[in-house]
Every structure is written in C-alpha cells, then in structure tokens.
Amino acid sequence: MLIGNEKIKGSRIFLRDKPIELLMCLTRGNAKEKYPSMLAKDSRCTYSHTVHLLQKMEKADLVKFEKQGRLKLVALTKRGQDVADLFDSLSKTFEPKK
132 MLIGNEKIKG SRIFLRDKPI ELLMCLTRGN AKEKYPSMLA KDSRCTYSHT
182 VHLLQKMEKA DLVKFEKQGR LKLVALTKRG QDVADLFDSL SKTFEPKK
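With the first letter of the sequence shown counted as 1, position 48 gets the number 179 in this note's numbering; the numbers rise by one all the way through.
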C-alpha cells in the first residue's frame with residue numbers, strides 16, 4: 132500500500148485471503164500453544180506456505196516465534212493482536228444483518 136510515495140511495511144501481506152485466515156487462526160481455538168503445522172492445517176494451507184507467511188508476519192512484528200525443545204511455537208505480538216482485532220471487526224461489518 133502506498134501513501135504518497137512511501138510504502139507501508141507489511142500491508143502487502145493482507146491483500147490475500149490466506150494471510151488473514153492464518154492471522155485469525157492464531158486468535159481462535161483453545162490451544163495455548165500453536166505451531167506452524169497446526170496453523171497450516173487450520174488455515175487449509177500448505178506447511179511451506181504457512182511458514183513463509185509467518186516469516187513475513189514476523190518481519191512486520193505481527194507474530195513471534197518461541198522455541199520450546201524441538202517445537203517452534205507461534206504467538207501474536209501486541210501489534211499482531213491489534214491487527215487481528217481490526218480484521219475481525221471489519222469482517223463483522225460484512226456479515227448479513229439479521
């Protein structure tokens with residue numbers, strides 16, 4: 132996304148459905164510990180694509196990786212939670228009215 136001549140970092144990530152779905156998967160569910168293979172399954176995305184998207188999200192300070200033994204856990208940062216909340220609110224505006 133461009134504002135003036137300046138490119139906003141991270142904005143290109145969310146121009147597609149899968150990154151948004153992946154971000155929302157991090158906010159859903161009961162499991163406190165989430166790892167890339169679980170997120171790939173939940174977002175109906177390949178493992179390699181999921182890891183690629185998560186790495187981009189990490190660079191945009193939306194997620195962080197935590198190593199626990201052999202597992203690499205994924206968690207939202209404060210900024211990532213704020214973005215997820217905004218997408219959740221936005222998606223609710225498009226829901227049909229009852």
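Backbone N, C-alpha and C fix where the C-beta goes; we use that ideal spot for every residue, glycine too. None of the values given here were measured: they were computed from a predicted structure.
Problem set entry | Buried or exposed (CB count within 10 angstroms, at least 16 for buried), residue 227 | exposed
For this session: Decide if residue 165 is buried, meaning its Cβ has at least 16 other Cβ atoms within 10 Å, or exposed.
Result: buried
Exercise. Taking C-alpha atoms, which residue in 219, 194, 201, 221 lies nearest to residue 208?
Worked result: 194
Exercise. How should residue 181 be labelled, buried or exposed, when 16 other C-beta atoms within 10 angstroms of its C-beta is the threshold for buried?
Worked result: buried
Exercise. Do you know offhand how far residue 220's Cα is from residue 188's?
Worked result: 20 angstroms
Problem set entry | CA-to-CA distance, residue 186 to residue 147, given in whole angstroms | 16 angstroms
Exercise. From residue 167 to residue 215, what does the alpha carbon distance come to, in whole angstroms?
Worked result: 18 angstroms
Exercise. Between residue 197 and residue 174, is the Cβ-Cβ spacing less than 8 angstroms?
Worked result: no
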